[in-house]
Amino acid sequence: MKLHEVAELIGGKVIGDSATEITGIGKIETAGETEITFVSNPVYEKYFGGTNAGAVVVSHKFNPTHHPRLDDRIVPLVQVEDPYLSFLTLLDYFSPQTELQKVGIDETAIVRDSADISSEEVRIGSHCFIGEKVKIGSRVTILPNAVIMAGAVIGDDVLIYPNVTIYNGCKIGNRVIIHAGTVIGSDGFGQAKNPDGTFMKIPQKGIVVIEDDVEIGSNCSIDRATMGETIIRKGVKLDNMIQIAHNVEIGENTVIAAQSGVAGSTKIGKNCMIGGKVGIVGHISICDGVILTAATNVSKSITAPGMYSGYRSQPMRAELRQEATIRALNKKK
Amino acid sequence: MKLHEVAELIGGKVIGDSATEITGIGKIETAGETEITFVSNPVYEKYFGGTNAGAVVVSHKFNPTHHPRLDDRIVPLVQVEDPYLSFLTLLDYFSPQTELQKVGIDETAIVRDSADISSEEVRIGSHCFIGEKVKIGSRVTILPNAVIMAGAVIGDDVLIYPNVTIYNGCKIGNRVIIHAGTVIGSDGFGQAKNPDGTFMKIPQKGIVVIEDDVEIGSNCSIDRATMGETIIRKGVKLDNMIQIAHNVEIGENTVIAAQSGVAGSTKIGKNCMIGGKVGIVGHISICDGVILTAATNVSKSITAPGMYSGYRSQPMRAELRQEATIRALNKKK
Amino acid sequence: MKLHEVAELIGGKVIGDSATEITGIGKIETAGETEITFVSNPVYEKYFGGTNAGAVVVSHKFNPTHHPRLDDRIVPLVQVEDPYLSFLTLLDYFSPQTELQKVGIDETAIVRDSADISSEEVRIGSHCFIGEKVKIGSRVTILPNAVIMAGAVIGDDVLIYPNVTIYNGCKIGNRVIIHAGTVIGSDGFGQAKNPDGTFMKIPQKGIVVIEDDVEIGSNCSIDRATMGETIIRKGVKLDNMIQIAHNVEIGENTVIAAQSGVAGSTKIGKNCMIGGKVGIVGHISICDGVILTAATNVSKSITAPGMYSGYRSQPMRAELRQEATIRALNKKK
Numbered sequence: 244m245k246l247h248e249v250a251e252l253i254g255g256k257v258i259g260d261s262a263t264e265i266t267g268i269g270k271i272e273t274a275g276e277t278e279i280t281f282v283s284n285p286v287y288e289k290y291f292g293g294t295n296a297g298a299v300v301v302s303h304k305f306n307p308t309h310h311p312r313l314d315d316r317i318v319p320l321v322q323v324e325d326p327y328l329s330f331l332t333l334l335d336y337f338s339p340q341t342e343l344q345k346v347g348i349d350e351t352a353i354v355r356d357s358a359d360i361s362s363e364e365v366r367i368g369s370h371c372f373i374g375e376k377v378k379i380g381s382r383v384t385i386l387p388n389a390v391i392m393a394g395a396v397i398g399d400d401v402l403i404y405p406n407v408t409i410y411n412g413c414k415i416g417n418r419v420i421i422h423a424g425t426v427i428g429s430d431g432f433g434q435a436k437n438p439d440g441t442f443m444k445i446p447q448k449g450i451v452v453i454e455d456d457v458e459i460g461s462n463c464s465i466d467r468a469t470m471g472e473t474i475i476r477k478g479v480k481l482d483n484m485i486q487i488a489h490n491v492e493i494g495e496n497t498v499i500a501a502q503s504g505v506a507g508s509t510k511i512g513k514n515c516m517i518g519g520k521v522g523i524v525g526h527i528s529i530c531d532g533v534i535l536t537a538a539t540n541v542s543k544s545i546t547a548p549g550m551y552s553g554y555r556s557q558p559m560r561a562e563l564r565q566e567a568t569i570r571a572l573n574k575k576k
Numbered sequence: 244m245k246l247h248e249v250a251e252l253i254g255g256k257v258i259g260d261s262a263t264e265i266t267g268i269g270k271i272e273t274a275g276e277t278e279i280t281f282v283s284n285p286v287y288e289k290y291f292g293g294t295n296a297g298a299v300v301v302s303h304k305f306n307p308t309h310h311p312r313l314d315d316r317i318v319p320l321v322q323v324e325d326p327y328l329s330f331l332t333l334l335d336y337f338s339p340q341t342e343l344q345k346v347g348i349d350e351t352a353i354v355r356d357s358a359d360i361s362s363e364e365v366r367i368g369s370h371c372f373i374g375e376k377v378k379i380g381s382r383v384t385i386l387p388n389a390v391i392m393a394g395a396v397i398g399d400d401v402l403i404y405p406n407v408t409i410y411n412g413c414k415i416g417n418r419v420i421i422h423a424g425t426v427i428g429s430d431g432f433g434q435a436k437n438p439d440g441t442f443m444k445i446p447q448k449g450i451v452v453i454e455d456d457v458e459i460g461s462n463c464s465i466d467r468a469t470m471g472e473t474i475i476r477k478g479v480k481l482d483n484m485i486q487i488a489h490n491v492e493i494g495e496n497t498v499i500a501a502q503s504g505v506a507g508s509t510k511i512g513k514n515c516m517i518g519g520k521v522g523i524v525g526h527i528s529i530c531d532g533v534i535l536t537a538a539t540n541v542s543k544s545i546t547a548p549g550m551y552s553g554y555r556s557q558p559m560r561a562e563l564r565q566e567a568t569i570r571a572l573n574k575k576k
Numbered sequence: 244m245k246l247h248e249v250a251e252l253i254g255g256k257v258i259g260d261s262a263t264e265i266t267g268i269g270k271i272e273t274a275g276e277t278e279i280t281f282v283s284n285p286v287y288e289k290y291f292g293g294t295n296a297g298a299v300v301v302s303h304k305f306n307p308t309h310h311p312r313l314d315d316r317i318v319p320l321v322q323v324e325d326p327y328l329s330f331l332t333l334l335d336y337f338s339p340q341t342e343l344q345k346v347g348i349d350e351t352a353i354v355r356d357s358a359d360i361s362s363e364e365v366r367i368g369s370h371c372f373i374g375e376k377v378k379i380g381s382r383v384t385i386l387p388n389a390v391i392m393a394g395a396v397i398g399d400d401v402l403i404y405p406n407v408t409i410y411n412g413c414k415i416g417n418r419v420i421i422h423a424g425t426v427i428g429s430d431g432f433g434q435a436k437n438p439d440g441t442f443m444k445i446p447q448k449g450i451v452v453i454e455d456d457v458e459i460g461s462n463c464s465i466d467r468a469t470m471g472e473t474i475i476r477k478g479v480k481l482d483n484m485i486q487i488a489h490n491v492e493i494g495e496n497t498v499i500a501a502q503s504g505v506a507g508s509t510k511i512g513k514n515c516m517i518g519g520k521v522g523i524v525g526h527i528s529i530c531d532g533v534i535l536t537a538a539t540n541v542s543k544s545i546t547a548p549g550m551y552s553g554y555r556s557q558p559m560r561a562e563l564r565q566e567a568t569i570r571a572l573n574k575k576k
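Going down the list, the sequences are from chains A, Y and Z.
All you need for our numbering is the position in the first sequence, starting with 1, plus 243.
All you need for our numbering is the position in the second sequence, starting with 1, plus 243.
All you need for our numbering is the position in the third sequence, starting with 1, plus 243.
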């Protein structure tokens with residue numbers, strides 16, 4: 244494929260030899276001479292001088308004379324508005340998603356008679372279990388050894404990876420992706436203390452609702468509500484190993500990085516960005532637009548948007564000032 | 244069902260219209276006019292004035308005149324000793340547990356000939372694996388795709404959710420619940436360093452013992468002992484994603500919240516309450532009756548009951564004083 | 244078996260009655276009179292006086308007269324160079340690994356026709372799924388309900404426990420052990436923000452490469468690279484519930500304890516020792532020979548070997564000095 248054809252795919256302008264042969268994509272550090280790469284983050288511009296890539300997708304602002312080549316080669320450029328988004332298009336073009344599962348229900352999958360499965364392009368892998376009265380929408384893919392318990396409802400265009408468990412009655416929206424090993428709907432951690440020190444299990448009768456366009460990483464646990472619903476709103480993106488306790492609500496388009504946890508009945512707003520290993524206690528609210536840096540612990544409600552940080556969360560600026568104070572004291576000694 | 248009939252179920256006294264029709268239960272914020280709700284935690288009393296619930300279960304201390312209604316409706320009350328426990332009874336009454344698995348061994352489950360399975364009401368789901376010489380007691384439910392490896396012993400009335408793995412030789416008591424994705428008996432993390440910097444695996448020959456009445460959340464890992472036993476004592480309750488290392492012992496009726504971890508050979512006492520994201524190093528002991536707040540890290544043995552807290556754990560009071568000192572210093576600047 | 248025969252197995256010298264009958268092994272606190280135990284860590288020497296063990300493996304430096312017996316029994320010793328390593332040999336001798344799976348492919352396993360499986364002593368358990376074009380080497384054991392997706396490559400002598408998921412195209416070296424519930428190759432957490440606040444999934448086209456002699460605990464998640472490879476180098480040992488993000492590289496013989504996480508594109512050197520619950524942000528490097536104590540958070544690259552610690556990591560010494568400063572201030576008040 245010639246470089247000018249590649250440029251057409253992304254609406255870009257070629258600077259240099261537009262007949263350069265491109266066969267694939269690569270990272271700027273390692274791309275070969277028939278691969279195209281990109282520079283978006285300025286941190287990576289330093290690699291421009293040494294890259295072996297056949298061509299580089301860049302923004303209109305990128306000036307190659309600021310990053311002199313180590314050899315004499317004139318590297319063809321493709322100028323675009325947003326090199327990163329353009330590169331994603333090329334990524335999909337050159338490495339199309341392989342078909343993970345054939346259309347149809349594998350003969351070793353168990354599907355209960357009362358389950359209601361769309362006739363449109365559903366893929367169910369080997370040794371899956373689809374319980375009584377489960378509903379499954381169109382173009383859903385469920386990979387081997389996943390378990391969907393009785394009464395669960397799954398929308399259209401959902402992708403469920405192997406060894407996922409969805410408990411009874413939980414509801415999954417459209418275009419949801421759930422990675423391997425994740426558990427949706429396990430019992431909330433509700434235990435009432437008896438006078439003799441033992442505990443009585445509080446029945447967990449609610450469900451989990453996952454709205455449209457949510458992606459959930461691998462080995463997450465999202466507990467069902469005691470009553471009512473644990474809700475993951477539209478467009479939320481969860482990384483791996485995230486714990487969402489009973490009756491939590493996560494607002495639209497909030498993203499949470501790996502190993503974070505949210506305790507029972509807490510409500511998190513929209514458009515929040517929550518780093519990895521963050522802990523949020525139960526029964527509080529976090530308003531819209533809050534950013535929590537990695538490893539922050541939150542024990543009180545947050546009512547103003549902004550960035551928060553620290554072992555006991557504070558607004559980022561206060562947290563950094565405090566750090567500096569301690570360090571200064573330390574040096575004086 | 245009339246309200247006076249509901250009151251009888253929980254031994255309560257109706258104040259108001261005892262003929263009110265009740266069809267279900269709900270949360271005070273969202274319950275409808277034929278649903279009954281409750282107030283136990285005073286924090287929720289503020290919702291009393293606006294609730295649409297048909298009736299409210301309250302304690303003898305609750306005084307409705309302190310929480311004036313937003314409309315003119317006189318909301319019927321049911322007075323009981325402990326509204327929360329009474330409400331749990333109603334929760335079970337109005338939403339009985341559905342049968343998760345039919346009695347019998349699913350024809351797609353693999354059960355080795357030498358396994359010894361009680362003839363009394365055992366339920367084994369599709370695609371389970373029950374290894375050689377496994378023993379399974381009466382009224383045990385094992386849901387689809389769980390794996391019970393050779394020689395494991397499972398008591399009576401145990402409930403094992405899908406995709407659980409129990410390694411060879413581990414022992415599970417009576418009335419134990421294990422949620423989906425949890426692993427019992429994986430190898431302890433034992434690696435002996437060789438002179439060349441590589442590591443030699445230390446064989447892990449012990450087992451895990453889970454005593455009676457334990458509940459374990461989803462996606463937990465409890466490692467087998469190097470020699471001897473990793474022990475989870477009677478009545479312990481573990482939330483999701485908890486890591487229990489080799490040779491650990493957790494004392495009776497201790498509860499641990501999600502994402503906490505206990506390192507190798509540490510012994511935790513009885514009746515401890517351990518918050519979420521707590522880390523406890525190896526080879527120490529925590530005495531009975533210790534409370535560790537969320538995100539506490541413990542690196543030394545604790546020998547007196549009480550509440551401990553902090554990035555490096557201290558008695559709660561010292562920890563808070565230290566926080567205040569730092570904040571004060573910060574303001575002076 | 245007589246004690247002198249046991250001593251021969253480990254090249255040791257008997258001090259005392261070499262005809263003592265030994266039938267097994269035990270811990271020094273609990274070993275019975277026909278069991279042999281060991282003392283390596285001086286912390287455990289205090290148990291020597293009271294042990295009921297039939298014999299004790301000790302180093303040449305161990306002097307029994309420093310640890311007087313509580314009774315009159317003269318406990319036979321076996322002197323060796325390294326009591327711990329010698330004891331591991333005895334551990335293997337007295338508790339040999341049981342066969343976890345019979346040779347052959349279980350008839351309920353699904354193996355796609357295009358998969359290439361070694362004819363030499365491969366064991367594949369019930370209800371496993373082996374996808375299209377998967378390659379599996381000699382003497383590999385895959386336990387029940389594991390899923391190996393299309394195009395994955397597995398070396399020789401690999402042991403994969405139940406309910407593991409290996410995504411398409413990932414490469415596993417020789418002599419690798421992967422414990423139950425672990426997920427290799429789930430999508431990296433890549434989401435590009437759209438102007439309206441929603442997110443677009445960045446396709447994750449790379450793979451995970453696990454080199455030779457790696458052991459991975461239970462319920463870990465290792466994400467595939469966006470492009471290229473997430474790499475776990477030769478001899479790395481990972482405990483349970485560890486999160487390794489996309490494009491991370493972990494250097495040879497580095498060990499990481501449970502519940503730690505490494506964010507995207509970070510590179511960790513060789514021979515590092517990383518404690519439990521450690522968090523390492525993305526896009527940094529940690530040089531060879533770094534030790535991170537438990538619960539350390541690292542947000543900047545580390546360029547000198549040594550020990551680092553703290554909620555915001557510092558060299559261990561600075562961290563401890565700071566702690567002392569704060570405590571002193573606190574007392575003055």
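Even glycine gets a Cβ: it sits at the ideal position worked out from N, Cα and C.
Fair warning: this is a prediction, and the values are worked out from it, not measured in the lab.
* Asked: Near Y:H422, which residues of its chain fall below 6 Å by C-beta distance, leaving aside the five closest residues on each side in sequence?
  -> If you number the second sequence from 1, residue 422 of chain Y lands on position 179. Contacts found: Y404, G460 and S461.
* Stretch-stretch touch, CB-based, cutoff 8 Å, three pairs: the region 328 to 344 of chain A with the region 435 to 452 of chain Z -> yes
* **For A:R366, the residue or residues it bridges with in DSSP** => Along the first sequence, read from residue 1 onward, the residue named residue 366 of chain A stands at position 123. Beta-bridge pairing links A:R366 to A:G347 and A:T384.
* Using the C-alpha atoms, what's the distance from Z:I450 back to A:D399? -> Here the question's residue 399 of chain A lines up with position 156 in the first sequence. Here the question's residue 450 of chain Z lines up with position 207 in the third sequence. Roughly 28 Å between the two C-alpha positions.
* What's the gap between the Cα of Z:T273 and the Cα of Y:G471? -> As a first step, residue 273 of chain Z must be located in the third sequence, where it is residue number 30. As a first step, residue 471 of chain Y must be located in the second sequence, where it is residue number 228. Taking the straight line from one Cα to the other gives about 9 Å.
* **Collapsed DSSP secondary structure at Z:E472 in the structure displayed** => For this step, residue 472 of chain Z is matched to residue 229 along the third sequence. In the structure shown, Z:E472 sits in a strand (DSSP, three-state: E or B).
* Could you tell me whether the Cβ atoms of Z:I577 and Z:I397 are closer together than 8 Å? => Residue 577 of chain Z is absent from the model: chain Z starts at 244 and stops at 576.
* When burial is assigned at 16 or more other CB atoms within 10 Å of the CB, is Z:G504 buried or exposed? -> Counted from its first residue, the third sequence places residue 504 of chain Z at position 261. Z:G504 is buried by the Cβ-count criterion.
* **alpha helix (DSSP H) segments (min. 4 residues) lying fully within the region 310 to 354 of chain Y** => 326 to 337
* **Selected residue, minimal CA-CA separation from Y:G347, among Y:I367, Y:S357, Y:P339 and Y:D359** => Numbered from 1 along the second sequence, position 104 holds the residue referred to as residue 347 of chain Y. Measuring from the Cα of Y:G347, the nearest candidate turns out to be Y:I367.
* Asked: A:F432 by DSSP, collapsed to three states: which one?
  -> Position 189 of the first sequence, counted from the start, is the residue given in the question as residue 432 of chain A. If DSSP states are grouped into helix, strand and coil, A:F432 belongs with coil.
* Asked: Residue ranges of each beta strand (DSSP E) run of no fewer than 3 residues wholly in the region 258 to 287 of chain A, ordered along the chain?
  -> Runs found: 278 to 281.
* To do: Please state whether DSSP places Z:Y410 in a helix, a strand or coil.
  => Within the third sequence, the letter at position 167 stands for residue 410 of chain Z. It is coil, neither helix nor strand.
* Anticipated Cβ contact below 8 Å, Y:A468 with Y:G431, distance rounded -> Reading the second sequence from its first residue, position 225 is the one you call residue 468 of chain Y. Reading the second sequence from its first residue, position 188 is the one you call residue 431 of chain Y. Yes, they are in contact, since the Cβ atoms of Y:A468 and Y:G431 sit about 7 Å apart, within 8 Å.
* If we call anything under 8 Å between Cβ atoms a contact, is Y:D209 one with Y:K436? -> Only positions 244 to 576 of chain Y appear in this structure, which leaves residue 209 of chain Y out of reach.
* Expected contact under 8 Å - CB spacing of Z:D531 and Z:P558 to nearest Å -> The residue labelled residue 531 of chain Z in the question sits at position 288 within the third sequence. The residue labelled residue 558 of chain Z in the question sits at position 315 within the third sequence. Incorrect: roughly 16 Å between the Cβ atoms, too far for contact.
* Do we get a CB-CB distance below 8 Å when we pair Z:N483 with the residues of chain Y? -> Residue numbering aside, residue 483 of chain Z sits at position 240 when the third sequence is read from its first letter. At a cut-off of 8 Å, the C-beta of Z:N483 has a neighbouring C-beta in chain Y.
* Using DSSP with H/G/I as helix, E/B as strand and the rest coil, what is Z:K289? -> Numbered from 1 along the third sequence, position 46 holds the residue referred to as residue 289 of chain Z. Z:K289: helix per DSSP, three-state reduction.
* To do: Please compile the residues from chain A whose C-beta is within a distance smaller than 7 Å of the C-beta of Y:K480.
  => In the second sequence, residue 480 of chain Y corresponds to position 237, counting from 1. Neighbours of Y:K480 on chain A, chain order: Q434 and F442.
* Determine the direct distance from the alpha carbon of A:G297 to that of A:S361, and round the result to whole angstroms. => The count along the first sequence starts at 1 and reaches residue 361 of chain A at position 118. The count along the first sequence starts at 1 and reaches residue 297 of chain A at position 54. One C-alpha to the other measures close to 46 Å.
* Asked: Is it right to say A:V286 is buried, meaning 16 or more other beta carbons lie within 10 angstroms of its own, or is it exposed?
  -> Along the first sequence, one-based indexing puts residue 286 of chain A at 43. Counting Cβ neighbours within 10 Å, A:V286 comes out exposed, since fewer than 16 surround it.
* To do: Just the C-alpha distance for A:T568 and Z:N284, rounded to the nearest angstrom, thanks.
  => If you number the first sequence from 1, residue 568 of chain A lands on position 325. If you number the third sequence from 1, residue 284 of chain Z lands on position 41. So the alpha carbons of these two residues sit roughly 42 Å apart.
* Inter-residue spacing [alpha-carbon to alpha-carbon] between Z:A561 and Z:N540 -> Within the third sequence, numbered from 1, the residue matching residue 561 of chain Z stands at position 318. Within the third sequence, numbered from 1, the residue matching residue 540 of chain Z stands at position 297. Approximately 15 Å, taken between the alpha carbons.
* Asked: When you compare only the Cα positions, how much space is there between A:A506 and A:C463?
  -> In the first sequence, residue 506 of chain A corresponds to position 263, counting from 1. In the first sequence, residue 463 of chain A corresponds to position 220, counting from 1. Rounded to the nearest angstrom, the two C-alpha atoms are 14 Å apart.
* **6 Å CB neighbourhood of Z:E364 in its chain, flanking five on each side removed** => As a working note, residue 364 of chain Z is residue 121 in the third sequence. Close CB contacts of Z:E364 within its chain, under the 6 Å cut and outside five residues either way in sequence, are with V346 and R382 (chain order).
* By DSSP, does Z:Q447 sit in helix, in strand, or in coil? -> Counted from its first residue, the third sequence places residue 447 of chain Z at position 204. Coil.
* Is it buried or exposed for Y:S544, if we count other Cβ within 10 angstroms and need 16 for buried? -> Taking the first residue of the second sequence as 1, we reach residue 544 of chain Y at position 301. The residue in question, Y:S544, is exposed, as its Cβ has fewer than 16 Cβ neighbours within 10 Å.
* **Segments of 3+ residues assigned as beta strand (DSSP E) that fall wholly inside the region 510 to 572 of chain Z** => 533 to 535 and 549 to 552
* Would you mind reading off the limits of the alpha helix (DSSP H) that contains Z:V401? => Within the third sequence, the letter at position 158 stands for residue 401 of chain Z. Neither: Z:V401 is in no alpha helix (DSSP H) and is coded neither H nor E.
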